[in-house]
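K.L.:
Those sequence lines, one after another, are chains B and Z.
Quick note on the working numbering: the first sequence kicks off at 1 and runs consecutively.
Quick note on the working numbering: the second sequence kicks off at 1 and runs consecutively.
The beta-carbon is built from N, C-alpha and C at its ideal position, and this holds for glycine as well.
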Amino acid sequence: MNFTINEHSYEAELDNRTSLLDLLRNHLGFTGTKKGCDQGACGACTVLVDGERINSCLALAVQYQGRAITTIEGVGTAGEMHALQRAFVEHDGFQCGYCTPGQICSAIGMADEIKRGVPSAVTEHVAAHNIDFSNEEIRERMSGNLCRCGAYNGIVEAVRETFAEELAS
Amino acid sequence: MRPFLYEKAADAAEAVHFFAQRAQAKYLGGGTNLVDLMRENIERPEIVIDVTGLSREIRDVDDGGLVIDAGTKNTTVASHRTVRERYPVLAQAILAGASAQIRNMATVGGNLMQRTRCYYFYDDAARCNKRERGKGCDAIEGFNRIHAILGASSHCVATHPSDMCVALAALDAIVYLEGPQGARHLRLVDLHRLPGDTPDIETELRAGELITAVEIPALPFAIRSTYRKVRDRSSYAFALVSVAAALDVDDKGNVRDVRLALGGVAHKPWRATAAEQALRGAPASEENFRRAAEAELKDAVGLAGNAFKIELAKRVIVNTLQKLAMESGAGS
Numbered sequence: 001m002n003f004t005i006n007e008h009s010y011e012a013e014l015d016n017r018t019s020l021l022d023l024l025r026n027h028l029g030f031t032g033t034k035k036g037c038d039q040g041a042c043g044a045c046t047v048l049v050d051g052e053r054i055n056s057c058l059a060l061a062v063q064y065q066g067r068a069i070t071t072i073e074g075v076g077t078a079g080e081m082h083a084l085q086r087a088f089v090e091h092d093g094f095q096c097g098y099c100t101p102g103q104i105c106s107a108i109g110m111a112d113e114i115k116r117g118v119p120s121a122v123t124e125h126v127a128a129h130n131i132d133f134s135n136e137e138i139r140e141r142m143s144g145n146l147c148r149c150g151a152y153n154g155i156v157e158a159v160r161e162t163f164a165e166e167l168a169s
Numbered sequence: 001m002r003p004f005l006y007e008k009a010a011d012a013a014e015a016v017h018f019f020a021q022r023a024q025a026k027y028l029g030g031g032t033n034l035v036d037l038m039r040e041n042i043e044r045p046e047i048v049i050d051v052t053g054l055s056r057e058i059r060d061v062d063d064g065g066l067v068i069d070a071g072t073k074n075t076t077v078a079s080h081r082t083v084r085e086r087y088p089v090l091a092q093a094i095l096a097g098a099s100a101q102i103r104n105m106a107t108v109g110g111n112l113m114q115r116t117r118c119y120y121f122y123d124d125a126a127r128c129n130k131r132e133r134g135k136g137c138d139a140i141e142g143f144n145r146i147h148a149i150l151g152a153s154s155h156c157v158a159t160h161p162s163d164m165c166v167a168l169a170a171l172d173a174i175v176y177l178e179g180p181q182g183a184r185h186l187r188l189v190d191l192h193r194l195p196g197d198t199p200d201i202e203t204e205l206r207a208g209e210l211i212t213a214v215e216i217p218a219l220p221f222a223i224r225s226t227y228r229k230v231r232d233r234s235s236y237a238f239a240l241v242s243v244a245a246a247l248d249v250d251d252k253g254n255v256r257d258v259r260l261a262l263g264g265v266a267h268k269p270w271r272a273t274a275a276e277q278a279l280r281g282a283p284a285s286e287e288n289f290r291r292a293a294e295a296e297l298k299d300a301v302g303l304a305g306n307a308f309k310i311e312l313a314k315r316v317i318v319n320t321l322q323k324l325a326m327e328s329g330a331g332s
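(1) Shortest alpha-carbon distance to G109 (chain Z) belongs to which of Z:D124, Z:A245, Z:K298, Z:K73?
(2) If you compare alpha carbons, which of Z:G179, Z:D11, Z:Q24 is closest to L5 (chain Z)?
(3) State yes or no: is the C-beta of G151 (chain Z) within less than 7 Å of the C-beta of H267 (chain Z)?
(4) Taking L171 (chain Z) as the query, report the chain B residues whose CB atoms sit under 8 Å from its CB, ordered along the chain.
(5) To test your reading of the DSSP string, which unbroken beta strand (DSSP E) runs of 3 or more residues are found completely within the region 196-257 of chain Z?
(6) I'd like the ranges of any alpha helix (DSSP H) spanning at least 4 consecutive residues and lying wholly in the region 130-156 of chain B.
(7) Taking the Cβ atom as the reference point for each residue, do A261 (chain Z) and A244 (chain Z) lie within a distance shorter than 7 Å?
(8) Whole angstroms is fine: what's the gap from R44 (chain Z)'s alpha carbon to G64 (chain Z)'s?
(9) By Cβ distance, which residues of its chain are closer than 8 Å to K298 (chain Z), with the 5 residues on each side in sequence left out?
(10) Are three or more beta carbon pairs between the region 87-103 of chain Z and the region 223-242 of chain Z nearer than 8 Å?
(11) Measuring only between beta-carbons, confirm whether A93 (chain Z) sits less than 7 Å from chain B.
(12) Of all the alpha helix (DSSP H) runs that stay within the bounds of the region 110-146 of chain Z, which reach a length of 4 or more residues?
(13) What distance in whole Å lies between the Cβ atoms of V67 (chain Z) and R59 (chain Z), which are believed to be in contact at a cut-off of 8 Å?
(14) Going along the chain, which residues of the region 97-111 of chain Z sit with their C-beta nearer than 7 Å to a C-beta in chain B?
(15) From this set, Z:D62, Z:E287, Z:V265, which residue's C-alpha is nearest S153 (chain Z)'s C-alpha?
(16) Terminal residues of the continuous beta strand (DSSP E) containing K26 (chain Z)?
(17) Please report the straight-line C-alpha distance between T107 (chain Z) and A70 (chain Z), rounded to a whole angstrom.
(18) Determine, for E85 (chain Z), whether the minimum Cβ-Cβ distance to residues of chain B falls below 7 Å.
(19) Name, please, each residue of chain B whose Cβ falls closer than 8 Å to the Cβ of S242 (chain Z).
(20) I want to know whether the region 154-166 of chain B touches the region 82-94 of chain B - three or more CB-CB distances under 8 Å.
(21) For the region 28-100 of chain B, which segments carrying the beta strand (DSSP E) assignment without a break, of at least 3 residues, lie completely within its bounds, in sequence order?
(22) Label S332 (chain Z) either buried or exposed according to how many other C-beta atoms from any shown protein chain fall within 10 Å of its C-beta, with 16 as the threshold for buried.
(23) Have a look at A98 (chain Z) and V16 (chain Z) and give me their C-alpha separation to the nearest angstrom.
(24) Kindly indicate if chain Z contains any beta-carbon less than 7 Å away from that of V89 (chain B).
(25) Quick one: Cα of A272 (chain Z) to Cα of A295 (chain Z), how far?
(26) From Z:D36, Z:R259, Z:A278, Z:L171, pick the residue whose C-alpha is nearest to that of T116 (chain Z); which is it?
(27) Shorter than 7 Å from the beta carbon of V51 (chain Z) to some beta carbon of chain B?
(28) If the cut is a Cβ gap below 8 Å, which residues of chain B does S235 (chain Z) touch?
(29) So, does the CB of E13 (chain B) fall closer than 7 Å to a CB anywhere in chain Z?
(30) Does DSSP classify P88 (chain Z) as helix, strand or coil?
(31) In terms of residues, what are the limits of the alpha helix (DSSP H) holding I317 (chain Z)?
(32) Using the beta-carbon of each residue, which ones in chain Z are nearer than 7 Å to A127 (chain B)?
(33) On the CB-based measure, 16 or more other CB atoms within 10 Å of its CB, does T212 (chain Z) come out buried or exposed?
(34) Our contact map puts S19 (chain B) next to A83 (chain B) with C-beta atoms below 8 Å; I'd like the distance itself, whole angstroms only.
(35) Taking K252 (chain Z) as the reference, which of Z:Q114, Z:L324, Z:S328 has the closest Cα?
(36) Helix, strand or coil for I149 (chain Z)? Go by DSSP, reduced to three states.
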């Protein structure tokens, strides 16, 4: 099977049963993506596919051939961090760091959803053209990413600061 | 997970053809429920037919309705301009369910076909008539906070977990099917079954039938519709009770028409026909909303852990109708 990950092509011989998460971690060495619950409850495995965030643990790899997959390794590096990664450091957006790659991929996907006008459960008028980039919106939209250290306040601040200008309605 | 053969179908006919090749077959959409169930060995298909390559469009119908292809992602439906403007209850119901990541993966067809979140169904150390008919049900005397209060049986008290289906039930959606014997359609409210003594048979689908699309008939007054969900945490949790409602009040303050459906209370999305009947033609007042809610919950049965849902459901019905009545300038 052929996969496109962080703009590079990879080939892997896979059992049909392999999840996208296990492909990334066990077969291709992209261990930045984390396995938390392995059942779609925690969001630690969040990656971007064609720019949209998904849970890689619930995805069969075989369904994702030929799609543009982005993992945390494609978002930034230690030498060249993404603005959101710098903001997580600045605002204490993590303690143990295990959920962080998923939080960051998820927030990048979330910002794009807001830009595309996707409403959320807390958007006051579901047909509104402009979405208020509030803390309430961030918390609702990030509810698929759990942080057991409870660094939520720092996460919300980091996400808000990074995308505030871009998403000012 | 058991080994399986994987095929990707180009169209519905090919999908139906693949399905017939093995005794145990499953159609695969986003995988958010099926992959999990396969990992737990609850679903053990010999062949998995990926139907995400089928057409996934949302089309306007001439009379004002909408047709949504079954492979359309939940996020796409909730973001669609027409859905948001003409059927806010549907957009709100979808957005009240799951997480953004799951809504980006999950399809409309898969949402209809998702299985219960009863803990005992997932736990193969527990007895479950849904997993194995005749084995017994550990939920009835177990932890049953999320279980059914309407239409349950002594064999099964599981609930259907979908939020989207509750809105579709209220909107009188039609489900289009294609199978080995050809195409047909069902009303959404007739798709899912009550458990009776065969809780393992969850829908009226015949072997090999694939959901191809869902039609939402025109309903002008659905412009004033809403979805209210009560759950144990404010986001990313299944409903304890939910209400999908649309209300049409005339200029004398009487209910011209109403649509009402409940989630989290039964083995299927529960269309509240008794309440609707009690309301049509009656003044849109809190007193009548309460009377209608009482009529709907008349036969409700509570278990040790979920009896509170009977009164909760009544209150959420009244509150939701009150809100819609206020918005239409009526109500008291």
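P.N.:
Judging by the given coordinates:
(1) Z:K73
(2) Z:Q24
(3) yes
(4) Per Cβ cutoff of 8 Å: no residues; L171 (chain Z) is ~15 Å from chain B at best.
(5) 210-216, 225-230, 241-249
(6) 135-141
(7) yes
(8) 42 Å
(9) A274
(10) yes
(11) no
(12) 119-122
(13) 5 Å
(14) S99, A100, Q101, I102, N104, M105
(15) Z:V265
(16) 25-28
(17) 7 Å
(18) yes
(19) By Cβ distance, chain B contributes nothing, its closest Cβ being about 12 Å from S242 (chain Z), past 8 Å.
(20) yes
(21) 46-49, 52-55, 68-70
(22) Residue placement at S332 (chain Z) cannot be trusted, given a pLDDT of 46 that sits under 50; what the coordinates show is reported in the next sentence. Exposed, by the Cβ-count rule.
(23) 29 Å
(24) no
(25) 9 Å
(26) Z:D36
(27) no
(28) A121, R139, E140, S143
(29) no
(30) helix
(31) 308-327
(32) R84, E85, P88
(33) buried
(34) Actually they are not in contact, since the Cβ atoms of S19 (chain B) and A83 (chain B) sit about 30 Å apart, beyond 8 Å.
(35) Z:S328
(36) coil
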